[in-house]
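A.B. asks: Sharing a structure, written as structure tokens. Questions coming.
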Amino acid sequence: MARLRDQLTPLSQLRYLAWRALPRGRKVTVRLRSGERLSLRPPPAEDLATAYEVFVAEVYRPPFPLPAAPIQRIVDVGANCGHSLLFWARHYPRAQVVAFEPHPVHLAMLEHNLALNGLTSRVLVHRAAAGVGSGHIALLDAESRSSIVDADGGRALSVPLVDFFDTVGTGPIDLLKMDIEGGEYALLGDPRFARLRIRTLVMEWHCTQARPDGKTWTERTLESLGYDVTPGLWSGDVNGLLWARPREEGTRR
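Residue 265 is where the sequence shown ends in this note's numbering, and the numbering goes up by one at each step.
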């Protein structure tokens, strides 16, 4: 079975194993054989699980040919601690990236990971949630499952909200990634989504209380907007990954 430590350089393997054996409470920095440097927090933080998904399982490797040269602009909604941004930077070296992340702890890790890899100038980070309006919203403080909630509570954070469509503008988006724990439905349901010029979309759908038919609704909505939908690496009862591309890409460029 593939493991994250198998992707590390020999020196980082030793550092990683020592870190796992020691009492928890501090971060460790390791280097992948592919060159990326990662700063990881110990559990209960979910950095290890996120790193495994991105760099070992490679959940963002497209299921169809996607040449790197034409990819000039990537938008990452829900960038978490920044592992996906490092993945994009390696696989699409000509791309500039726009990232949205509202959680303050994740933001600190994201910006640290970008600095470790010399990528700060390639990534424009919006320190806010992406929505259909602007202001402030309550964000459930639940690690990688943090989601927008109706009101402030004991585990909720008040974070900025920006209008996604005003922020990204009208320019082409060669690759749009969304993983925002149910927040995707407001974006997909906004009439302005149909006007975005998206070449490739990868997103995680979620079954929520408001949208218990998350997978079906998402697929039907994208198909109605002129996209061909392809299953991603996994699809479960409550969430899953999918890819989508316009049926006639030339009309979206």
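Beta carbons: idealized from backbone N, C-alpha and C, even for Gly.
1) Let's see if you can read the secondary structure: which residues bound the beta strand (DSSP E) around F112?
2) Can you tell me whether A30 is buried or exposed, with buried defined as 16 or more other CB within 10 angstroms of its CB?
3) Grab the span of the beta strand (DSSP E) containing T242 for me, first residue to last.
4) Does the beta-carbon of L26 have 16 or more other beta-carbons within 10 angstroms, so that it is buried, or is it exposed?
5) Count the other CB atoms within 10 Å of the CB of D191; is the residue buried (16 or more) or exposed (fewer)?
6) Am I right that D175 and V137 are in contact with their C-beta atoms under 8 Å? What's the rounded C-beta distance?
7) Cα separation between S24 and M13?
8) Compute the Euclidean distance between the alpha carbons of T220 and A256, then round it to the nearest angstrom.
9) Are there 16 or more other CB atoms within 10 angstroms of the CB of L213, so buried, or fewer, so exposed?
10) What did DSSP end up calling D164 once you bin it into helix, strand or coil?
11) If you scan the region 97-154 from start to end, which runs of the alpha helix (DSSP H) of 4 or more residues do you find wholly inside it?
12) In its own chain, which residues sit with a C-beta less than 7 Å from the C-beta of A91, not counting the 5 before and 5 after it?
13) Spell out a yes or no on whether the region 229-248 and the region 182-191 are touching, meaning 3 or more CB-CB pairs, one atom from each, closer than 8 Å.
14) Work out the CA separation of G194 and L16 for me, nearest whole Å.
15) Using a Cβ-Cβ distance cut-off of 8 Å, determine whether E123 contacts chain B.
16) Return the bridge partner residues of N92 from the DSSP annotation.
C.D. replies: Quick look at the numbers:
1) Here the question's residue 112 lines up with position 100 in the sequence shown. First-last of the beta strand (DSSP E) with F112: 108-112.
2) Within the sequence shown, the letter at position 18 stands for residue 30. Its Cβ having fewer than 16 others within 10 Å, A30 is exposed.
3) Stepping through the sequence shown from its first residue, residue 242 is reached at position 230. Membership of T242 in the beta strand (DSSP E) is indicated by the continuous run 239-247.
4) Taking the sequence shown and counting its residues from 1, one reaches residue 26 at position 14. The residue is exposed, with fewer than 16 neighbouring Cβ atoms inside 10 Å.
5) Within the sequence shown, residue 191 is the residue found at index 179, counting from 1. Label assigned to D191: buried.
6) Looking up residue 175 in the sequence shown gives position 163. Looking up residue 137 in the sequence shown gives position 125. Your pair D175 and V137 does not check out as a contact, with CB atoms roughly 17 Å apart and the cut at 8 Å.
7) Position 12 of the sequence shown holds residue 24. Position 1 of the sequence shown holds residue 13. One C-alpha to the other measures close to 19 Å.
8) Against the sequence shown, residue 220 aligns to sequence position 208. Against the sequence shown, residue 256 aligns to sequence position 244. Distance between the alpha carbons of T220 and A256: 21 Å.
9) Position 201 of the sequence shown, counting from 1, holds the residue named residue 213. Looking at its Cβ environment, which holds 16 or more other Cβ atoms inside 10 Å, L213 is buried.
10) Start at 1 with the first residue of the sequence shown, and residue 164 comes out as number 152. Low per-residue confidence applies at D164: pLDDT is 49, beneath 50, and the placement is therefore not dependable enough to give any value.
11) 116-128
12) Along the sequence shown, read from residue 1 onward, the residue named residue 91 stands at position 79. Excluding sequence neighbours, A91 sits near L97, A111, F112, E113, L122.
13) No, they do not touch.
14) Counted from its first residue, the sequence shown places residue 16 at position 4. Counted from its first residue, the sequence shown places residue 194 at position 182. Rounded to whole angstroms, L16 to G194 spans 28 Å at the Cα level.
15) Protein chains in the displayed structure number just one, and chain B is not present.
16) By one-based count along the sequence shown, residue 92 stands at place 80. Note: N92 sits in no beta bridge, so no partner.
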